[in-house]
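Remember, our numbering sits 6 above the position in the sequence shown when you count from 1. As structure tokens, the structure follows; a few thoughts come after it.
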Amino acid sequence: TFSARIYFEFLFPDANIVPGIAGGSEDAPLNPDGTRKGLRFYTEHISWMNAIEPPSVLTDKLTPDNDSIRWALEVQGTFLEKFECNDFPFDTQALSVSIEFAMSNEGPFPMDLSIDLADACDVNAKHFVWDSEYDLGTRTKLVTDVRRVLQTRSYPDLTFSCYVRRRPFFYTVNIVLPNMLLALLAGLQFFIPVEDVAGRASVSMTLLLVCASYFHYSGSLTPTVGYLTLMDTHSLWCMSVVISMVFWVGVVRSSESEDLEYVDKMALYGFMVVWLLIQIVFVLRFSFAWSKASRELDVPAVLGGAEAREKLLAVNSMSRFYRTSVRGYSSL
Numbered sequence: 007t008f009s010a011r012i013y014f015e016f017l018f019p020d021a022n023i024v025p026g027i028a029g030g031s032e033d034a035p036l037n038p039d040g041t042r043k044g045l046r047f048y049t050e051h052i053s054w055m056n057a058i059e060p061p062s063v064l065t066d067k068l069t070p071d072n073d074s075i076r077w078a079l080e081v082q083g084t085f086l087e088k089f090e091c092n093d094f095p096f097d098t099q100a101l102s103v104s105i106e107f108a109m110s111n112e113g114p115f116p117m118d119l120s121i122d123l124a125d126a127c128d129v130n131a132k133h134f135v136w137d138s139e140y141d142l143g144t145r146t147k148l149v150t151d152v153r154r155v156l157q158t159r160s161y162p163d164l165t166f167s168c169y170v171r172r173r174p175f176f177y178t179v180n181i182v183l184p185n186m187l188l189a190l191l192a193g194l195q196f197f198i199p200v201e202d203v204a205g206r207a208s209v210s211m212t213l214l215l216v217c218a219s220y221f222h223y224s225g226s227l228t229p230t231v232g233y234l235t236l237m238d239t240h241s242l243w244c245m246s247v248v249i250s251m252v253f254w255v256g257v258v259r260s261s262e263s264e265d266l267e268y269v270d271k272m273a274l275y276g277f278m279v280v281w282l283l284i285q286i287v288f289v290l291r292f293s294f295a296w297s298k299a300s301r302e303l304d305v306p307a308v309l310g311g312a313e314a315r316e317k318l319l320a321v322n323s324m325s326r327f328y329r330t331s332v333r334g335y336s337s338l
């Protein structure tokens with residue numbers, strides 16, 4: 007979940023040329039079918055799709071703008087967002103607010119949402135409280151779509167998203183580096199004589215217990231998801247190296263070779279190759295994931311349905327109407 011303060015402006019084109027349209031239904035002009043529906047009828051039929059509870063409305067104002075009417079809406083609330091953690095902790099996440107107008111496109115009062123005229127947005131980075139954990143993106147995305155409930159009913163919706171990139175320093179220092187070093191310490195047994203089975207077993211078992219305890223602890227720092235993240239894969243490979251060294255204590259003594267020192271030395275070389283390979287693969291995957299996260303922060307990926315329309319907006323662009331709004335601060 008995340009809490010946000012959002013300011014929207016909706017434009018009703020050519021609505022100001024109809025007298026009384028900005029008022030309630032009782033003040034609106036009579037439609038050909040005998041009904042009276044003013045703009046307030048439309049603004050009252052808005053649903054917050056991913057809000058935990060209906061947000062608090064701070065501003066709800068209709069303002070004339072030449073022949074059109076602008077609807078200024080400012081809310082504050084808590085919203086739900088699903089995070090994909092395949093590349094955790096080198097990932098980019100969206101913070102989205104989805105709204106839907108309960109005005110069926112097939113009903114008597116359809117509502118058409120368009121983002122063609124959207125030209126201004128701003129993100130208030132000064133009041134971004136997660137700046138110690140995330141980097142805030144420089145772009146926002148607007149997406150209009152249609153939610154089909156039945157074959158005869160569809161409703162327009164709008165999703166506003168800004169993007170954050172996780173800062174991986176905490177997880178790198180507290181999980182990646184310890185796992186890397188603990189796996190490397192498993193090679194200490196190669197510096198103990200092959201004949202000293204008890205000494206080797208003592209080192210390996212002690213290290214295995216330490217790794218098991220730390221593996222359990224590090225699991226509390228990572229998201230509980232039903233798949234392996236990038237960090238989970240690295241931790242499991244490091245744990246596998248430590249476990250294999252425990253087995254090697256008994257395997258080396260069962261070797262039929264007369265020169266056990268030579269066999270043990272070859273195992274040391276193999277251990278170093280495997281350890282280096284694990285770290286190199288992790289660094290390569292880290293570099294790829296970090297580059298991908300950086301690109302998505304600047305240019306978010308296109309994730310829309312067949313009827314979705316989306317538009318990217320640069321942060322810190324200000325509209326003419328926005329500067330004269332009743333509240334002089336940025337959204338979010």
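Ideal placement from N, C-alpha and C gives every residue a C-beta, glycine not left out.
In terms of alpha-carbon separation, which member of ASP238, LEU142 and LEU188 lies closest to VAL170?
Against the sequence shown, residue 170 aligns to sequence position 164. Ranked by how close their Cα comes to the Cα of VAL170, the residues ASP238, LEU142 and LEU188 have LEU142 in first place.
For PRO174, count the other beta carbons within 10 Å of its own beta carbon; 16 or more makes it buried, fewer makes it exposed. Which is it?
Position 168 of the sequence shown holds residue 174. With a threshold of 16 other beta carbon atoms within 10 Å, PRO174 meets it and is buried.
Whole-number beta carbon distance between LEU191 and LEU213, since they are thought to touch under 8 Å
Mapped onto the sequence shown, residue 213 falls at position 207. Mapped onto the sequence shown, residue 191 falls at position 185. That belief holds up - the Cβ atoms of LEU213 and LEU191 are roughly 6 Å apart, short of 8 Å.
Assign VAL209 to buried or exposed, taking buried as 16 or more other Cβ atoms, counted over all protein chains shown, within 10 Å of its Cβ.
Sequence index remark: in the sequence shown, residue 209 carries index 203 (1-based). Burial call: buried.
Looking at the structure shown, is GLY83 part of a helix, part of a strand, or coil, going by DSSP?
Walking along the sequence shown from the start, residue 83 turns up at place 77. DSSP places GLY83 within a strand segment (E or B) once states are collapsed to three.
Short check: CB of PRO162 to CB of ASP93, under 8 Å?
Locating residue 162 in the sequence shown gives position 156, counting from the first residue. Locating residue 93 in the sequence shown gives position 87, counting from the first residue. For PRO162 and ASP93, no; Cβs fall outside 8 Å.
Residue of ARG172, MET109 and ALA124 minimising C-alpha distance to ASP137
Sequence index remark: in the sequence shown, residue 137 carries index 131 (1-based). Selected option, being the one with the closest Cα: ARG172.
Unbroken alpha helix (DSSP H) runs of length 4 or more, entirely within the segment 66 to 126: which are they?
Taking only runs of at least 4 residues, no alpha helix (DSSP H) segment lies wholly in the segment 66 to 126.
Helix, strand or coil: how does DSSP classify VAL216 here?
On the sequence shown, position 210 is the one that residue 216 refers to. Shown here, VAL216 sits in a helix according to DSSP, grouped into three states.
I need the boundaries of the alpha helix (DSSP H) containing THR165, first residue and last residue.
Residue 165 sits at position 159 when you count from the first residue of the sequence shown. DSSP places THR165 outside any alpha helix (DSSP H); the residue lies instead in the beta strand (DSSP E), whose first and last residues are 159 to 172.
Please report the Cβ distance between HIS240 and VAL182, rounded to the nearest whole angstrom; I am assuming they are in contact, meaning their Cβ atoms lie under 8 Å.
As a working mapping, residue 240 is identified with position 234 in the sequence shown. As a working mapping, residue 182 is identified with position 176 in the sequence shown. At roughly 6 Å, the Cβ-Cβ gap stays under 8 Å, so HIS240 and VAL182 are in contact.
Contacting residues, own chain, Cβ-Cβ under 6 Å from LEU319 (five flanking each side not counted):
Counting from one through the sequence shown, the residue named residue 319 turns up at place 313. The beta carbon of LEU319 lies closer than 6 Å to those of CYS127 and THR146 in the same chain, with the five residues before and after it left out.
Using a 10 Å radius around the Cβ and a threshold of 16 neighbouring Cβ atoms, would you call VAL155 buried or exposed?
Within the sequence shown, the letter at position 149 stands for residue 155. So VAL155 counts as exposed.
With 16 as the cutoff for other CB atoms within 10 Å, does SER260 come out buried or exposed?
Stepping through the sequence shown from its first residue, residue 260 is reached at position 254. Around the Cβ of SER260, a 10 Å sphere holds fewer than 16 other Cβ atoms; the residue is exposed.
So does the segment 235 to 255 actually touch the segment 188 to 208, counting three or more Cβ pairs closer than 8 Å?
Segments in contact, yes.
Report back the beta-carbon spacing between ILE75 and THR69 to the nearest angstrom; my notes put them in contact at under 8 Å.
Position 69 of the sequence shown, counting from 1, holds the residue named residue 75. Position 63 of the sequence shown, counting from 1, holds the residue named residue 69. Rounded, the Cβ-Cβ distance is 7 Å, consistent with contact.
Delimiting residues of the alpha helix (DSSP H) encompassing VAL269:
As a position in the sequence shown, residue 269 is number 263, starting the count at 1. For VAL269, the enclosing alpha helix (DSSP H) has its first and last residue at 266 to 304.
Given this structure, state the Cα-to-Cα distance separating VAL257 from VAL289, to the nearest angstrom.
Reading the sequence shown from its first residue, position 251 is the one you call residue 257. Reading the sequence shown from its first residue, position 283 is the one you call residue 289. Counting only the Cα atoms, VAL289 lies some 31 Å from VAL257.
Through-space distance from GLU50 to SER31, alpha-carbon basis:
Your numbering for residue 31 matches position 25 in the sequence shown. Your numbering for residue 50 matches position 44 in the sequence shown. Note that SER31 scores 49 on pLDDT, short of 50, meaning its location in the model is unreliable and no value can be drawn from it.
Out of GLN285, TYR223 and ARG153, which has the shortest C-alpha to C-alpha gap to ASN111?
Numbered from 1 along the sequence shown, position 105 holds the residue referred to as residue 111. The option with the nearest alpha carbon to ASN111 is ARG153.
Evaluate ILE58 with the Cβ neighbour count: other Cβ atoms within 10 Å of its Cβ, from every protein chain shown; 16 or more gives buried, anything less gives exposed.
Within the sequence shown, residue 58 is the residue found at index 52, counting from 1. Exposed, because fewer than 16 other Cβ atoms sit within 10 Å of the Cβ of ILE58.
Identify the residues that DSSP records as bridge partners of SER9: which are they?
Indexing the sequence shown from 1 puts residue 9 at position 3. Looking at the DSSP assignment, SER9 forms a beta bridge with THR84.
Since PHE14 sits in a beta bridge, which residues does DSSP pair it with?
Taking the sequence shown and counting its residues from 1, one reaches residue 14 at position 8. Answer is LEU79, bridged to PHE14.
What residue does the alpha helix (DSSP H) around THR239 start on, and which one ends it?
As a working mapping, residue 239 is identified with position 233 in the sequence shown. It spans 236 to 257 - the alpha helix (DSSP H) in which THR239 sits, taken as one unbroken run.
In terms of alpha-carbon separation, which member of GLU80, MET272, LEU282 and GLU267 lies closest to PRO199?
Indexing the sequence shown from 1 puts residue 199 at position 193. Here the closest residue by C-alpha is GLU267.
Best match in CYS91, SER102 and PHE292 for proximity to CYS168 [C-alpha to C-alpha]:
The residue labelled residue 168 in the question sits at position 162 within the sequence shown. Closest option to CYS168, judged by alpha-carbon separation, among CYS91, SER102 and PHE292: SER102.
Reference ALA218, options LEU242, LEU234, ASN56 and GLY232, closest by Cα
The residue given as residue 218 occupies position 212 in the sequence shown. The option with the nearest alpha carbon to ALA218 is LEU242.
Could you say which of MET109, ASP125, PRO116 and PRO229 lies nearest to PHE89 if we only look at CA atoms?
Position 83 of the sequence shown holds residue 89. It is PRO229.
Just to confirm the assignment, what range does the beta strand (DSSP E) spanning TYR140 have?
In the sequence shown, counting from the first residue as 1, residue 140 sits at position 134. 140 to 156 is the extent of the beta strand (DSSP E) around TYR140.
Go through its chain and collect everything with a Cβ distance to PHE197's Cβ below 7 Å, but skip five positions before and after it.
As a working note, residue 197 is residue 191 in the sequence shown. Excluding residues within five positions, none has a Cβ falling inside 7 Å.
Who are ILE387's beta bridge partners in DSSP?
Here the chain covers residues 7 to 338 and nothing more, so residue 387 does not appear.
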